[in-house]
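J.: Mapping of the sequence shown onto numbering that gives the first Met the number 0: residues 0 to 46, in sequence order.
Here's a structure for you.
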Amino acid sequence: MKVGPYNQTAVQVIGNQHSNDVILGRDVLNQLIVTLNGLAHTVEISE
């Protein structure tokens with residue numbers, strides 16, 4: 000799985016042909032720094 004420039008290997012995924020939405024679980028999020036800024040409508044992801 001690829002999130003921006005970051006590659007995650009050995010991640011279990013479930014797809015749906017009717018949607019482009021994804022849900023990231025703790026196994027992925029625990030390896031990244033995710034900053035949500037609601038006022039600025041931005042998301043920053045870093046390692």
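Beta carbons are placed, not taken as given, at the ideal position from N, Cα and C, and that holds for glycine.
Whose CA, out of Ser-45, Leu-28, Gly-3, Ile-22, lies closest to the CA of Val-12?
T.: If we check each option's Cα against that of Val-12, Ile-22 comes out closest.
J.: Suppose you measure from the CA of Asp-20 to the CA of Val-2; what does that come to, to the nearest Å?
T.: Their backbone Cα atoms lie some 13 Å apart in a straight line.
J.: Give every residue of the same chain whose Cβ lies closer than 6 Å to the Cβ of Val-33, excluding the five residues on either side of it in the sequence, and list them in chain order.
T.: Once the five neighbours on either side are set aside, the close Cβ partners of Val-33 are Ile-44.
J.: Give me the Cα-Cα distance between Ala-9 and Asn-29, rounded to the nearest whole angstrom.
T.: Roughly 14 Å separates the two Cα atoms.
J.: Terminal residues of the continuous alpha helix (DSSP H) containing Leu-28?
T.: Here the alpha helix (DSSP H) through Leu-28 covers 25 to 28.
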